[in-house]
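Inspection log for the structure reproduced underneath, given as C-alpha cells.
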Amino acid sequence: DVKVTQSSRYLVKRTGEKVFLECVQDMDHENMFWYRQDPGLGLRLIYFSYDVKMKEKGDIPEGYSVSREKKERFSLILESASTNQTSMYLCASSGPSELFFGEGSRLTVL
Amino acid sequence: DQQVKQNSPSLSVQEGRISILNCDYTNSMFDYFLWYKKYPAEGPTFLISISSIKDKNEDGRFTVFLNKSAKHLSLHIVPSQPGDSAVYFCAASAGGGSNYKLTFGKGTLLTVNP
Numbered sequence: 008d009v010k011v012t013q014s015s016r017y018l019v020k021r022t023g024e025k026v027f028l029e030c031v032q033d034m035d036h037e038n039m040f041w042y043r044q045d046p047g048l049g050l051r052l053i054y055f056s057y058d059v060k061m062k063e064k065g066d067i068p069e070g071y072s073v074s075r076e077k078k079e080r081f082s083l084i085l086e087s088a089s090t091n092q093t094s095m096y097l098c099a100s101s102g103p104s105e106l107f108f109g110e111g112s113r114l115t116v117l
Numbered sequence: 318d319q320q321v322k323q324n325s326p327s328l329s330v331q332e333g334r335i336s337i338l339n340c341d342y343t344n345s346m347f348d349y350f351l352w353y354k355k356y357p358a359e360g361p362t363f364l365i366s367i368s369s370i371k372d373k374n375e376d377g378r379f380t381v382f383l384n385k386s387a388k389h390l391s392l393h394i395v396p397s398q399p400g401d402s403a404v405y406f407c408a409a410s411a412g413g414g415s416n417y418k419l420t421f422g423k424g425t426l427l428t429v430n431p
C-alpha cells in the first residue's frame, strides 16, 4: 500500500512562529504536493514539486515556502505563521492515475 | 475564477436510494476527472476516475458520467449506505490523462440517513 505520512496530526503555534510541516512518501513518486483545505473553499494547491530541488507555486503560495532535498520528503514552511494560516494541510504524492494523500495536519495559529 | 464547480454544498439521501453528486467545469483543456471522498480528520481517498475519451466509468456501487459538451460530470452511488456519508470532491486535470496538478471543486457533503 502507498503510504504518505505527515509528521504531525495536530499543531498549535503562535503568531510569528516558524512552522515546519513534514511529509514523507514511500512509493518513489516524483511529484509531491501541498494543499490546504478550508470549509467552503475546498482543496487549494499551495506548492508542488516534480523532482528533487524543483518546486513550483500553486494557486496560493503567499506566506509559504517548500523544501525538497530528497525524493521521498517534501516540507512545507510557514516563515512567520499568521492566524489566517489556521487550516488543515494535506500532503499528496502522485502515482500514475491518482493522488495519494496523507492524513492531514490540523494547524491552529493563535 | 473557479474552474471546477460543485454547486451543491450538501446533499441528504435515505439509505438504499441513489445519491447523485454533480460537478461542472469551465476549462475545456481538462481531460481527466476524478472523485475523492473525505472523512473528517482524514486525508481524501481516491474513489473513481474517468478520461475524456469515455462517457461512463463504473466501479461497484459508484458510476461516474461525463458529458463533455455540457462540461458536466456526475457521480452516482447506488445503493447509498450510511458509511458513504462524507465530503466528496470533484477534481480535474489537463495533460493527457495525468493526475498531475489537479484542480479541485469545493466539495459536497453527503449525508446518508439510515
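So the protein sequences, as listed, match chains Y and E.
Position one of the first sequence corresponds to residue 8 (our numbering), numbered consecutively onward.
Position one of the second sequence corresponds to residue 318 (our numbering), numbered consecutively onward.
Quick reminder that beta carbons are idealized off the backbone N, C-alpha and C, glycines included.
If only uninterrupted beta strand (DSSP E) runs of at least 3 residues are considered, those enclosed by the stretch 339-365 of chain E are 349-355. When DSSP states are grouped into helix, strand and coil, residue 91/Y belongs to the helix group. Here the C-alpha atom of residue 43/Y lies approximately 32 Å from the C-alpha atom of residue 431/E. Spanning the alpha carbons of residue 77/Y and residue 114/Y requires a straight line of approximately 24 Å. Residue 376/E carries a strand assignment under DSSP once its states are collapsed to helix, strand and coil. Along the stretch 388-404 of chain E, there is no position whose C-beta sits under 7 Å from a C-beta of chain Y. In the DSSP assignment, residue 115/Y forms a beta bridge with 19/Y. For the pair residue 406/E and residue 337/E, the Cα-to-Cα distance works out to about 13 Å. Put simply, the stretch 87-102 of chain Y touches the stretch 32-50 of chain Y. At least three CB pairs are less than 8 Å apart. Taking a C-beta cut-off of 9 Å against chain Y, the contacting residues of the stretch 345-357 of chain E are 349, 351, 353 and 355, listed in chain order. Among the residues of the stretch 83-107 of chain Y, those with a Cβ less than 9 Å away from any Cβ of chain E are 95, 97, 98, 99, 101, 102, 103, 104, 105, 106 and 107, in the order of the chain.
Here DSSP, grouped into helix, strand and coil, assigns residue 401/E to helix. With respect to the 8 Å criterion, residue 364/E and residue 371/E are not classified as neighbours on the basis of their beta carbons. Between the beta-carbon of residue 89/Y and that of residue 15/Y there is about 18 Å, and that puts the pair past the 8 Å contact cut. Residue 333/E and residue 96/Y have their C-alpha atoms spaced approximately 34 Å apart.
In this model, residue 360/E and residue 386/E are separated by some 32 Å (Cα to Cα). A Cβ of chain E is located within less than 8 Å of the beta carbon of residue 50/Y. Non-local C-beta neighbours of residue 32/Y in its own chain, meaning closer than 6 Å and more than five positions away in sequence, comprise 11, 79 and 100, ordered along the chain. With respect to chain Y, the C-beta atom of residue 419/E has a partner C-beta closer than 8 Å. Not a single C-beta of chain E is nearer than 8 Å to the C-beta of residue 29/Y. Interface flag for residue 359/E against chain Y is set, since a Cβ pair is found closer than 8 Å. A direct Cα-to-Cα measurement between residue 325/E and residue 45/Y gives close to 16 Å.
In this structure, residue 396/E sits near residue 378/E, with a CB-CB distance shorter than 8 Å.
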